[in-house]
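All remarks here apply to the structure that follows.
There are 4 protein chains.
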Amino acid sequence: MAGADRKAEIRKRAAEVFAEQGYDAASIRDVARAAGLSLAGLYYYYQGKDAILFEIQHEAFRTLLEQHAEALAGVKEPQQKLRRVIDAHLAFFAGNIAEMKVMARESEQLTGKFAEKVGEQRRRYVRLVRGILDEIATHHPLRDVPVPVAVFLLFGMMNWLYTWYDPERDGSPERLANAVHRIFLHGLLGGGRAPE
Amino acid sequence: MAGADRKAEIRKRAAEVFAEQGYDAASIRDVARAAGLSLAGLYYYYQGKDAILFEIQHEAFRTLLEQHAEALAGVKEPQQKLRRVIDAHLAFFAGNIAEMKVMARESEQLTGKFAEKVGEQRRRYVRLVRGILDEIATHHPLRDVPVPVAVFLLFGMMNWLYTWYDPERDGSPERLANAVHRIFLHGLLGGGRAPE
Amino acid sequence: MAGADRKAEIRKRAAEVFAEQGYDAASIRDVARAAGLSLAGLYYYYQGKDAILFEIQHEAFRTLLEQHAEALAGVKEPQQKLRRVIDAHLAFFAGNIAEMKVMARESEQLTGKFAEKVGEQRRRYVRLVRGILDEIATHHPLRDVPVPVAVFLLFGMMNWLYTWYDPERDGSPERLANAVHRIFLHGLLGGGRAPE
Amino acid sequence: MAGADRKAEIRKRAAEVFAEQGYDAASIRDVARAAGLSLAGLYYYYQGKDAILFEIQHEAFRTLLEQHAEALAGVKEPQQKLRRVIDAHLAFFAGNIAEMKVMARESEQLTGKFAEKVGEQRRRYVRLVRGILDEIATHHPLRDVPVPVAVFLLFGMMNWLYTWYDPERDGSPERLANAVHRIFLHGLLGGGRAPE
DNA sequence: AATGAATGAGTATTCATTCAT
DNA sequence: GATGAATGAATACTCATTCAT
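Protein chains in written order, with this note's numbering: chain A, 1 to 196; chain B, 1001 to 1196; chain C, 2001 to 2196; chain D, 3001 to 3196.
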């Protein structure tokens, strides 16, 4: 298990480096240095730069999906579900800022098998949220916004965080989740005329 | 003026290349090829790779700010203003998809003078939107969402487009603008309780 | 044409480097240095190490096949043809010692398209010699040695040169050709019993 | 003695790897894997890559020289001796194809002490064959071919095998030995005029 | 206005080898 | 006997950029 721990630590440091410099601009030397390893030492753990990026994204999605499963356990009401999902998403992002940046910005860097696997997770995650919106939509008409579009607008609000969010200045993830949930849900379901 | 035209065309092609491959991954050779120029020929027009990226972003912001000025001319009502701004933003993005990707994804690549100038435009643009929200907020309380946060959530909905938007599948920019405007405004201002 | 000349010179120097150190052991830096170019400068002319090896082999076979065509022009008698072919082969090898070494020793290094093209030339060359032996065999029985085997034994005598031949010590290519021709032809066709 | 057995097996596997990929291109990792050992485990048996190559060549020459001694025991007639030597050489090569390839192709890779020792064996082996040819030459004039050259032409016929010989297609080593012996001896000693 | 030729600095990756256990 | 973990040095190759023409 020591090996797995070491890999987790390398992943953490690599995510920080990728978050700060960008995946392409970051050199594998920077990653090695940040991990406290020699260049060649790093390759003992990871077969290449893309394998590291893959595992960062794969692990992040794994955790995210896992936490969603927990967050939804026992919840029946669809609006409650949505709230929980937003909470979990933002809590994860706020707690893993480097990983969030990497997920949001470097999602097109993977290729081949790596891209396939992460793409699959991503689609699964999107379907999960879409499912909840579909449930909500059966109770309340969505007023001119197709569900698939609504899903991506929601993700937009949340994922764009990586460009601006500063916990000190912008409040806790919970408050943020509150704002996102309120805007999104009232926005989608609210009264027909613009409020005055 | 022929030179300016040529530069504009190079910028267009460069934006396409940067959009497809990413700024870092794209080589200046790719740009030259796409522009139908030799490598050295390209340097006659642009002093370097970053100068091209700079002008893509700078021109895009210039156009965006210009169009906002037009869009807001004579409009008094703050909610109307917001609608116009969202319209203009999405119309520009939908009409300049490559540039949009580059703006959204490569905003941290510039440094020095280039970064300063574009940063200034960006802040000016943000301030413009924030001003409108402030106006709105003086008429209606914003229910738990600080204006600065609201601004970035709005930009999130719009800028995240580059990861998913397909005009064929997701409808015209106008419809999209409608959805964004509706969600955002009703969301911010809508009734105190979750709608049922 | 200047570019072609430059490439020819690079090829020559590269052949010397590959001959001395072996293709694998030679670094592309060594080749660049020998060619009087910077590392990157070399890549302006050749797309990679294997492209250089390919052109060395390809050009050598081209010349070899060309010279054989000349050498055989107007010759009718098969034994005469064989003599001419051996002469041409050894003359080429003695005059291009570095290329010879590279041809003999590095024939399995190429892959893909490169391997195909050179392999085709090689087979064409072998067929040419085999054709001559077939002609000879129709006049004289070959005494227990199948033509294909005979061909490779002949090539063995000639190609192994790269491991030992020193013009100063071992005589001119013509004398060598004489020896090879004599041994091979008398050996193949000579009397039934071992001479005493 | 178990250690010696293990070393012999490693040598065998290493010879196969070197034969297939070439000494330079083969990595010591490949050798370890082929030998069923970890990388570090291999170093318990051999002090380095070159030590393995050395022992492959050294053992091969040792066996070759030993078998020649046996083959020549009690033989008086020089032409008989030559036949025995060719037989033994080809039998060994056909029975140790990987080693043969390595001997023929990688003879210049060793350096220092290793190169000296194997070089000494090689020279001893060459002298042995040269001695036999000298004996033959005292009975029969060699017609224009100096003995040293003749020796290398003979080795050429035999050592080039590694590039083409396929037992299925080209017949048994004995038949091959017959062909080589016949060509070489009749070629060297046969009648003054070209046979018609 | 445009280019062919060239380069210094940098990239990801691989290799033979070592050493504590 | 054997190995997991680690490394310094090297490799092929690419890049943004320049300059004489």
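Just so you know, even glycine gets a beta-carbon here, dropped at the ideal spot from N, CA and C.
Member of A:Pro-167, A:Leu-185, A:Val-149 whose CA lies at the smallest distance from the CA of Glu-1168 (chain B): Looking up residue 1168 (chain B) in the second sequence gives position 168. Measuring from the Cα of Glu-1168 (chain B), the nearest candidate turns out to be A:Val-149.
Short Cβ contact (8 angstroms threshold) for Met-157 (chain A) with Val-129 (chain A): Taking the first residue of the first sequence as position 1, residue 157 (chain A) is located at position 157. Taking the first residue of the first sequence as position 1, residue 129 (chain A) is located at position 129. No, they are not a contact pair.
Using a cut-off of 7 angstroms between C-beta atoms, extract the partners of Met-3157 (chain D) located in chain C. Reading the fourth sequence from its first residue, position 157 is the one you call residue 3157 (chain D). What Met-3157 (chain D) touches in chain C: Leu-2153, Gly-2156, Met-2157.
Arg-193 (chain A), buried or exposed, once every other Cβ within 10 Å from all chains shown has been counted against 16: Working through the first sequence from its first residue, we reach residue 193 (chain A) at position 193. In this predicted model, Arg-193 (chain A) has a pLDDT of only 48, less than 50, meaning its place in the structure is not dependable enough to derive any value.
Below 8 angstroms between beta carbons is the criterion; list the residues of the region 2119 to 2131 of chain C that meet it against any residue of chain D, in chain order. none
Under a CB-based cut-off of 8 angstroms, is Asn-3213 (chain D) close to chain C? For residue 3213 (chain D) there is no data in the structure shown, the boundaries of chain D being 3001 and 3196.
Between the region 1109 to 1126 of chain B and the region 1026 to 1034 of chain B, do three or more beta carbon pairs fall short of 8 angstroms? no
Just the C-alpha distance for Gly-2003 (chain C) and Leu-65 (chain A), rounded to the nearest angstrom, thanks. Mapped onto the third sequence, residue 2003 (chain C) falls at position 3. Mapped onto the first sequence, residue 65 (chain A) falls at position 65. Going from the Cα of Gly-2003 (chain C) to the Cα of Leu-65 (chain A) covers about 59 angstroms.
Three-state class that DSSP yields for Glu-20 (chain A) in the structure shown: Working through the first sequence from its first residue, we reach residue 20 (chain A) at position 20. Helix.
May I ask you to report which of helix, strand or coil DSSP gives Val-3118 (chain D)? Counting from 1 along the fourth sequence, the entry for residue 3118 (chain D) is found at position 118. Secondary structure of Val-3118 (chain D) (DSSP, three-state): helix.
Roughly how many angstroms lie between the CA atoms of Phe-2018 (chain C) and Ser-3107 (chain D), to the nearest whole one? For the purposes of this step, residue 2018 (chain C) is taken as the residue at position 18 of the third sequence. For the purposes of this step, residue 3107 (chain D) is taken as the residue at position 107 of the fourth sequence. If you draw a straight line from the Cα of Phe-2018 (chain C) to the Cα of Ser-3107 (chain D), it comes to about 15 angstroms.
Would you say Arg-1182 (chain B) faces chain A, with C-beta separation under 8 angstroms as the test? Counting from 1 along the second sequence, the entry for residue 1182 (chain B) is found at position 182. Yes, its Cβ sits closer than 8 angstroms to a Cβ of chain A.
Is any beta-carbon of chain A found at less than 8 angstroms from that of Asp-1030 (chain B)? As a first step, residue 1030 (chain B) is located in the second sequence; it is residue number 30 there, counting from the start. So, not an interface residue.
Contact with chain B by Ala-179 (chain A), beta-carbon distance below 8 angstroms: The residue labelled residue 179 (chain A) in the question sits at position 179 within the first sequence. It does; some Cβ of chain B falls within 8 angstroms.
By Cβ distance below 6 angstroms, which residues in the same chain neighbour Ala-3060 (chain D) in space, the five residues on each side in sequence not counted? For the purposes of this step, residue 3060 (chain D) is identified with residue 60 of the fourth sequence, where counting begins at 1. Non-local C-beta neighbours of Ala-3060 (chain D) in its own chain, meaning closer than 6 angstroms and more than five positions away in sequence, comprise Glu-3099, Met-3103, ordered along the chain.
Residues of chain A with CB under 7 angstroms from Ala-1025 (chain B), in chain order? Here residue 1025 (chain B) corresponds to residue number 25 of the second sequence, with the count starting at 1. Within chain A, the residues near Ala-1025 (chain B) are Asp-24.
Taking Ser-1027 (chain B) as the reference, give the member of B:Tyr-1044, B:Gly-1048, B:Arg-1175, B:Asn-1159 with the closest Cα. In the second sequence, counting from the first residue as 1, residue 1027 (chain B) sits at position 27. Of the candidates B:Tyr-1044, B:Gly-1048, B:Arg-1175, B:Asn-1159, the one whose C-alpha sits nearest the C-alpha of Ser-1027 (chain B) is B:Gly-1048.
Would you mind telling me which residues of chain D sit closer than 8 angstroms to Arg-2143 (chain C), beta carbon to beta carbon, in chain order? What you label residue 2143 (chain C) is simply residue 143 of the third sequence in a count that begins at 1. Going along chain D in sequence order, the residues near Arg-2143 (chain C) (Cβ under 8 angstroms) are Arg-3182.
Say whether chain D places a C-beta atom closer than 8 angstroms to the C-beta of Pro-2195 (chain C). As a working note, residue 2195 (chain C) is residue 195 in the third sequence. Legend: pLDDT at Pro-2195 (chain C) = 47, less than 50; position of this residue unreliable, no value from coordinates given.
Whose C-beta lies closer than 8 angstroms to the C-beta of Trp-1164 (chain B) among residues of the same chain, with five residues either side of it excluded? Sequence index remark: in the second sequence, residue 1164 (chain B) carries index 164 (1-based). Excluding residues within five positions, the ones whose Cβ falls inside 8 angstroms are Asp-1170.
What is the DSSP secondary structure of Pro-2141 (chain C), reduced to helix, strand or coil? The sequence position of residue 2141 (chain C) within the third sequence is 141, counting from 1. For Pro-2141 (chain C), the secondary structure class from DSSP, reduced to helix, strand or coil, is coil.
Over the uninterrupted alpha helix (DSSP H) stretch that includes Asn-159 (chain A), give me the two end residues. As a first step, residue 159 (chain A) must be located in the first sequence, where it is residue number 159. That run of the alpha helix (DSSP H) goes 147 to 159.
Counting contacts by CB-CB distance shorter than 8 angstroms, is Leu-2188 (chain C) in contact with chain D? Mapped onto the third sequence, residue 2188 (chain C) falls at position 188. Yes, Leu-2188 (chain C) lies at the interface with chain D (some Cβ there is under 8 angstroms from its Cβ).
Unbroken alpha helix (DSSP H) run spanning Leu-37 (chain A), endpoints: In the first sequence, counting from the first residue as 1, residue 37 (chain A) sits at position 37. From DSSP, Leu-37 (chain A) is part of no alpha helix (DSSP H); its letter is neither H nor E.
Going by other Cβ atoms of all chains shown within 10 Å of its Cβ, with 16 needed for buried, is Ala-2088 (chain C) buried or exposed? For the purposes of this step, residue 2088 (chain C) is identified with residue 88 of the third sequence, where counting begins at 1. Ala-2088 (chain C) is buried by the Cβ-count criterion.
Helix, strand or coil at Glu-1196 (chain B) [DSSP, three-state]: By one-based count along the second sequence, residue 1196 (chain B) stands at place 196. Caution is warranted here: a pLDDT of 46 is assigned to Glu-1196 (chain B), below 50, making its placement in the model unreliable, and the coordinate value is therefore given only provisionally. In the structure shown, Glu-1196 (chain B) sits in coil (DSSP, three-state: anything other than H, G, I, E or B).
In angstroms, rounded to a whole number, what distance separates the CA positions of Gly-190 (chain A) and Ile-1010 (chain B)? As a first step, residue 190 (chain A) is located in the first sequence; it is residue number 190 there, counting from the start. As a first step, residue 1010 (chain B) is located in the second sequence; it is residue number 10 there, counting from the start. Those two C-alpha atoms are separated by around 46 angstroms.
Under the rule that 16 or more other beta-carbon atoms within 10 Å means buried, what is Tyr-2044 (chain C), buried or exposed? Numbered from its first residue, the third sequence carries residue 2044 (chain C) at position 44. Exposed, by the Cβ-count rule.
Quick check on the DSSP output: the alpha helix (DSSP H) that includes Gln-1079 (chain B) runs from which residue to which? Within the second sequence, the letter at position 79 stands for residue 1079 (chain B). Per DSSP, Gln-1079 (chain B) belongs to the alpha helix (DSSP H) from 1078 to 1095.
Closest residue to Glu-20 (chain A) among A:Leu-142, A:Arg-127, A:Ile-97, A:Gln-109 (Cα-Cα distance): Taking the first residue of the first sequence as position 1, residue 20 (chain A) is located at position 20. It is A:Ile-97 whose Cα lies nearest to the Cα of Glu-20 (chain A).
What does a CB cutoff of less than 7 angstroms around Asn-1159 (chain B) pick up in its chain, not counting 5 residues either side in sequence? To locate residue 1159 (chain B), count along the second sequence from 1; it is residue 159. Excluding sequence neighbours, Asn-1159 (chain B) sits near Ala-1104.
Considering Ala-2073 (chain C), what are the terminal residues of the alpha helix (DSSP H) in which it resides? Taking the third sequence and counting its residues from 1, the one referred to as residue 2073 (chain C) is at position 73. Unbroken run through Ala-2073 (chain C): none, as it is neither H nor E.
Which of helix, strand or coil does DSSP assign to Thr-2200 (chain C)? Residue 2200 (chain C) is absent from the model: chain C starts at 2001 and stops at 2196.
What is the rounded straight-line gap between the Cα of Thr-1063 (chain B) and the Cα of Leu-1053 (chain B)? For the purposes of this step, residue 1063 (chain B) is identified with residue 63 of the second sequence, where counting begins at 1. For the purposes of this step, residue 1053 (chain B) is identified with residue 53 of the second sequence, where counting begins at 1. So the two alpha carbons sit approximately 16 angstroms from each other.
Answer yes or no: do Arg-2083 (chain C) and Leu-2072 (chain C) have a C-beta to C-beta separation smaller than 8 angstroms? Here residue 2083 (chain C) is taken as the residue at index 83 of the third sequence, counted from 1. Here residue 2072 (chain C) is taken as the residue at index 72 of the third sequence, counted from 1. Result no, Cβ atoms of Arg-2083 (chain C) and Leu-2072 (chain C) do not sit closer than 8 angstroms.
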